[in-house]
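Here is the structure we will look at.
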Amino acid sequence: MQRSLAGSWQFQLDPEGTVRVDDLTPDRQIHVPMPWQAVFPELESYSGYAWYRTELDLDAVWLEGDLLLTFGAVDYWCEVYVNGRLVGQHEGGYTPFTFRIKPFVQIGSNHIAVRVYDSAQAGFKPTRWLDQQKPVGNPPFDPVEIPHGKQEWYLNVGGLWQEVTLTSVPTVYIDKVRVTPIIQTGQAVITVDLAGNLAQVADTLRAQIGEQTAEIAVKPHQTHYTMSVTVPDVRLWTPETPELYTAVITLTGAAGEDAQYVRFGFREIAIRDGQLLLNGEPIYLRAALDQDMYPETIYSVPSEVFLRDEFAKAKELGLNCLRCHIKPPDPLYLDLADEMGLLVWAEIPSWRTFALKFTMHHDAFNVNADIKARVKQTLTEMIRRDYNHPSLIIWTIVNEDWGTALALSPGDRAWITEMVETCKRLDATRLVVDNSACMNGWGPNIHVKSDLDDFHVYTNIPDQAPYFTSFVEQFSMRPTWTYSNHGDAQRTGHEPLILSEFGNWGLPSISGLRDAEGNLPDWFKLGPWWSGWDGEPGWPKGALERFERFGLKRIWGDYEGFAAASQWHQFQAMKFEIETMRRLSAIKGYVITELSDIYWESNGLLDFNRREKAYHQAFGTINAADVIVPQLARYATWDDQALPVRLYASHYSKADWNGAQLTFTVGGQRTDHRLDATKRGAINEIGLMHWQFAAVDKASMKRVELWLNDGQGNALAQNDIDVMVLPAATRKAAHQGQIAVRSAGSPFAAESNGESALGSAIQGLGYTLASALSAETLLVTDAPDAETIRWVREGGSMLYLCSGVSPFFWVQGRGGIYGGSWITSFSWLRPDIFKRLAVTNPLTMPFGAVAPRGVISNLPVDDATFHDDFLAGQISGWVQLPAIHTVQFKLGRGKVLMTTATLASTIGGSDADPVAVAMFHDLVDHLASPACQPKLTTNL
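In numbering that gives the first Met the number 0, the protein residues as written are 0 to 939.
Quick look at the structure:
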C-alpha cells in the first residue's frame with residue numbers, strides 16, 4: 000500500500016538556521032514536488048535553510064507492518080522530523096532515500112517536517128593561500144564542493160523536487176531488486192535485498208517472469224539472495240524494438256506478503272575493436288545532450304505527457320540516445336526511455352565547475368576527501384536506483400574536467416581511475432567514461448581509463464569548417480592527446496571514438512515564447528553571467544530592440560524571419576558536421592549539443608518549450624542509421640565546370656543492402672549507380688563523381704537529391720545537397736576601366752609585369768592593370784601606405800582587401816567570441832550589392848572560402864544614418880556584438896571600400912573560388928558605380 004504525498008505543503012524560510020521544529024510558523028504554501036525557485040522566483044538566489052511541513056491521517060491498517068517514508072530527491076541536505084522527533088538526515092541533492100518511521104507515528108493525525116539546506120551556486124573564487132582556513136559554522140557546506148551540476152549555469156534548485164511517498168510494508172520486506180539479463184541464454188539473474196525485522200522468519204522468496212518461476216527459502220538474518228529465471232525465445236531490447244519484461248518478486252511468510260514488480264529488458268552494451276555493440280551488433284550513437292531542465296519547473300518533470308511528447312520528437316529527429324547532462328534523470332525519464340526506445344547516457348553532477356585552474360598552484364586542485372566521498376555516494380545511489388533500466392548504457396564520472404585537474408594533478412588522475420574501477424564493480428553491465436574531455440586553456444583535459452575515447456569541439460560553420468574537418472580527421476586517427484601522457488593512462492586502443500559534444504545555435508521564435516497575455520518568460524532576463532565579454536551574445540533581453548536598432552530588417556525583414564533563417568543555418572552547419580564524421584570509419588558516434596534550447600542557450604534541436612524548429616522534418620534524413628554522405632571540394636561552381644564530389648554510404652541498420660542502387664539527377668542527367676558489396680557497421684565508399692550542372696542565367700542554388708533504394712525499389716537512405724551554380728559569363732570582369740594594384744611588399748603590379756600574386760590574380764579575371772595611379776583608375780590593395788592614402792584623399796577610390804591591422808578602422812580577429820565557435824555568429828551580405836551571388840542570409844557553405852578572419856569593429860552600427868554604408872557583417876547569438884565585414888567610407892575627397900572577406904588568396908589561378916570571384920567583381924562594380932556614396936567618414 001502506497002500513498003503519494005505530492006501536493007500543497009506548508010513552507011517557511013529560515014535564513015540563519017535558527018528555527019526549531021517546535022517553533023515553526025509557516026507563512027506560505029508550496030507545491031511538492033517542485034524546486035522552491037520554480038514556485039517562488041524571488042528565491043532564485045536564496046541560500047540558507049527552509050522548512051516544509053505537511054499533515055497526514057493514518058488509520059490502523061497503515062501500522063500493521065512497517066512504514067517507509069521515501070524522498071525521490073531533496074537538494075541539498077535535509078533533516079526529517081515526524082511528530083516533532085528527528086527521524087534522520089540525508090546529504091545529496093539528486094538521489095532517493097528512505098526512513099522507517101513506524102516508531103514515530105500514531106493512528107490519526109501526524110505531521111512531517113523537513114528542514115532543508117541549499118546554497119545558491121556561484122563562480123569559484125580561488126583562495127590566496129593553499130592552507131587558508133574555510134569559514135566554520137553556517138553554511139554547513141562549501142557550495143562549490145558539492146555535486147550540483149549546471150545549477151550556476153542556468154537556475155539554482157533547492158528543496159523537495161522529486162516525489163515523496165509513504166509505503167506500508169510487512170515487518171520483513173523487499174528492499175531492492177536487481178535484474179541482470181544475459182542475452183545469450185535468456186537468463187535473468189535476480190538479486191534481492193531484504194530489510195526489516197530479519198529475525199522474524201519468512202518462508203519463501205519467489206521470482207516470476209511470464210510463466211517462468213524460481214523460488215528460494217528465506218533464512219533468518221540473511222539479507223541477500225540470488226535467483227535465476229530463464230526466459231525462452233527471449234526478445235531483445237533495442238531502440239527500434241524496446242521489448243520489456245516484468246519480474247514479479249514475492250516474499251511470503253508469517254509477517255505477511257510483500258511484492259515488487261521490476262521492469263527490465265534483455266540488452267547488452269559492449270565494445271570490441273573500436274566498435275560500439277548493442278546486443279552484439281554494431282550501433283552508431285546518434286545522441287543529443289539533454290540538460291533535462293524545463294521552462295516552468297526547472298528540474299522537476301512537468302508531466303508524463305510533456306516528457307512523452309519530447310521523446311517522440313527526439314525519435315522523429317533520428318536520435319537513438321540522450322546524454323542526460325551532469326544530472327541524474329528523473330525515474331519517469333528512464334521509464335519512458337525504456338518504453339519508447341531511447342538509449343541514455345547518465346552523468347554524476349559536477350562540482351567546482353568554474354575552478355580557475357590556470358591561476359592557482361597545482362596542489363590546490365587535488366580532489367579532497369569530502370568531495371571524493373560525496374561523488375562516490377552519488378554514484379552508488381544512482382546505480383542502486385537505476386540499475387534495471389535497459390535504456391541506460393553509459394555512466395560518466397566527470398565532464399570536461401569540472402571539479403578535477405587531470406592534466407595537472409597525478410592525484411586526480413589516480414582518483415578518477417579508482418572511480419572508474421568502483422563504477423565497474425558496482426555495475427559491470429554498462430560502459431564508463433572517466434572524463435568526457437575537451438580543450439582547455441592549457442590544452443586537452445584528458446582521459447586516463449575509459450571505455451569510450453570521447454571528445455568535444457565547437458565550431459562555427461561555414462567559417463571554421465576547415466578546422467572542424469581537420470580536427471575530426473585527426474581525432475579519427477586516435478591521437479595521443481586525448482589520454483594522459485604521464486605514464487598512467489590505461490588505454491587499450493580499442494575504445495570507440497565518439498565526438499560527444501558539438502553544436503550550433505538557431506534562435507527561437509520570440510512570439511512562440513510569449514504566453515497568452517503576450518509576456519515573455521522570466522528567464523528572458525538571464526544569460527551566461529559567468530563568462531564576461533565572451534558571454535555577451537548569450538543575453539536575450541532586448542533582442543527585438545537591437546534587431547531594429549542595428550538595421551537588420553534590411554537583411555531579414557523582421558526578427559521572426561531572422562530566427563527561422565538562423566535555424567536553417569543551424570541545420571546546414573550540423574549537416575556538414577555530421578556528414579564529415581560519417582565518412583570517417585573510425586568515429587562511431589556523436590552527441591549534438593543539444594536536444595532543446597535551455598533558457599538563453601539556443602543550440603537546441605527544439606526550442607525551450609519543446610516546439611519544433613524549422614528543419615524538424617528534414618533532420619532525420621541526415622541523422623539516421625543509414626546515410627548517404629557527400630564530400631564536396633566546394634559548395635559553389637561555375638556552370639561550365641564539373642564539380643568533383645566523392646560519395647560514401649554509412650550503413651548501420653539491419654536493412655538488406657544487397658542490390659542497393661544510388662540514384663541522383665544533375666543538370667537533367669539521371670545517374671543510377673549500383674553499389675558493390677556493403678558492410679554493416681562501416682563506411683562504404685561509393686566513388687568519385689563529377690557533377691555537371693546545366694547553364695544558368697544568374698547565380699542559383701541547385702539542389703541535388705540522392706536516393707538509395709534496395710533491389711525492390713524501397714528507400715534505404717536519402718540526402719540532398721545544395722550547390723550554388725554561377726553562370727560562367729560572370730567569371731570575367733565587367734568593369735572596363737583600369738585597375739591599379741598595390742600588394743604587400745610589391746610595387747604597382749603593371750610596373751612589375753604583374754609579378755605580385757594579387758596583381759596576377761586580378762589580371763587573370765580580365766581586368767586591365769594600370770601602370771600608375773590616376774583619376775581614372777581604381778586602386779585595389781591589401782596594404783595601404785602613405786602614398787595610396789594620400790591619393791585617395793585627393794579623390795581616388797580604393798578597394799581595400801584587409802587581412803590584418805588596418806590604418807583605418809580597427810580589425811578584431813575572429814579567434815574569440817567574434818568567431819562564433821560556441822555562441823554562433825551569423826554572417827550576412829547585402830543582396831543588392833552582391834548581385835552576382837545567390838545570397839541566403841545567414842551565409843552557409845558556399846561562402847566558406849571567403850569567410851573573414853577579422854571583423855571591423857567600433858563602427859556606429861546603431862546609427863541609421865550609416866546603415867547604407869555597411870555592406871556585409873555579422874551578429875552574434877541573441878543579436879549581440881554587431882560587427883562589419885565590408886564598409887564604405889569617405890576619406891578626404893575620395894572613398895574606400897574596405898572588406899575583411901578572404902578574397903586576395905581565393906580569386907586567382909585555376910582553382911579560384913567562384914564565390915570569391917563574384918564577390919570581387921561586385922565590389923569593384925559597386926566602387927565604380929554612382930551608387931557608392933558613403934556617408935561615413937573617418938577621423939583622419
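We treat Cβ as the ideally placed atom computed from N, Cα and C, and that holds for glycine.
Item: Endpoints, beta strand (DSSP E) assigned at H110; Value: G107 to D117
Item: First through last residue of the alpha helix (DSSP H) which encompasses W414; Value: P409 to L425
Item: In DSSP terms, what P180 is bridged to; Value: A187
Item: Spatial neighbours of V135 in its chain, beta-carbon cut-off 8 Å, leaving aside the 5 residues before and after; Value: For V135, the pLDDT reaches just 41, beneath the cut-off of 50, and the residue's location in the model is therefore unreliable, although a value from the coordinates is still provided. Counting only Cβ-Cβ distances below 8 Å, and skipping sequence neighbours, we find nothing.
Item: Residues that DSSP places opposite D56 in a beta bridge; Value: S108
Item: Per-residue DSSP class, three states only, for E303; Value: helix
Item: Cβ pair S742, T780 closer than 8 Å; Value: yes
Item: Status (buried if at least 16 other CB within 10 Å, exposed otherwise) for S796; Value: buried
Item: Distance, D65 Cα to I822 Cα; Value: 54 Å
Item: Three-state secondary structure assigned by DSSP to E948; Value: Since the first residue of the chain shown is 0 and the last is 939, residue 948 is not available in this structure.
Item: Secondary structure, beta strand (DSSP E): runs of 3+ residues fully inside the segment 15-98; Value: 27-31, 47-57, 65-70, 76-81 and 84-90
Item: Identity of the residue in A464, G502 and A488 nearest H455 by Cα; Value: G502
Item: In chain order, each beta strand (DSSP E) run of at least 3 residues that lies wholly inside the segment 745-832; Value: 777-780, 796-800, 810-812 and 824-828
Item: Distance between T936 and C787 (C-alpha atoms, nearest Å); Value: Contrary to the premise, residue 787 reads as Thr rather than Cys in this sequence. Roughly 17 Å between the two C-alpha positions.
Item: CB of D450 within 8 Å of CB of E494, strictly; Value: yes
Item: Minimum C-alpha distance to F98 - residue among G195, A760 and Y224; Value: G195
Item: Test item: CB-CB of N459 and L405 under 8 Å; Value: no
Item: Per DSSP, cross-strand counterpart(s) of C323; Value: D289 and A345
Item: Cβ neighbours of Q211 in the same chain (closer than 7 Å, five flanking residues each side left out); Value: V228, T229 and V230
Item: A253 - containing alpha helix (DSSP H), residue span; Value: Unbroken run through A253: none, as it is neither H nor E.
Item: Residue burial classification, L687 (beta-carbon count within 10 angstroms, cutoff 16); Value: exposed
Item: For S856, three-class secondary structure by DSSP; Value: coil
Item: Residue range of the unbroken alpha helix (DSSP H) whose run includes R383; Value: A368 to D385
Item: Per DSSP, cross-strand counterpart(s) of E214; Value: R205
Item: Nearest-angstrom Cβ-Cβ length linking V665 and Q691, presumed shorter than 8 Å; Value: 7 Å
Item: Closest by C-alpha distance to D291, when choosing among E593, L646, A915 and V854; Value: E593
Item: Any 3 or more C-beta pairs closer than 8 Å across the segment 831-839 and the segment 810-820; Value: no
Item: DSSP bridge partner residues for L605 (one or two, in chain order); Value: S595 and E611
Item: Within 8 Å, strictly: CB atoms of T677 and T377; Value: no
Item: Where A990 falls: helix, strand or coil (DSSP); Value: In this structure the chain extends from 0 to 939, so residue 990 is not present and cannot be described.
Item: Stretch pair the segment 613-629 + the segment 707-727: three plus CB contacts closer than 8 Å; Value: yes
Item: Start and end residues, beta strand (DSSP E) containing T885; Value: Q879 to L890
Item: Same chain, Cβ closer than 7 Å to Q131, five either side skipped, listed in chain order; Value: With a pLDDT of only 42 at Q131, under 50, the local geometry of the prediction cannot be trusted, and no value is derived from it.
Item: Contacts around N398, its chain only, beta-carbon distance under 8 Å, and the 5 residues preceding and following it disregarded; Value: H324, I325, E346, S349, N434 and S435
Item: For D130, the three-state DSSP class (helix, strand or coil); Value: Interpretation of D130 is limited by its pLDDT of 49, a score under 50 that renders its predicted location unreliable; no figure is taken from the coordinates.
Item: Local Cβ density within 10 Å of G148, reported as buried at 16 or more and exposed below that; Value: buried
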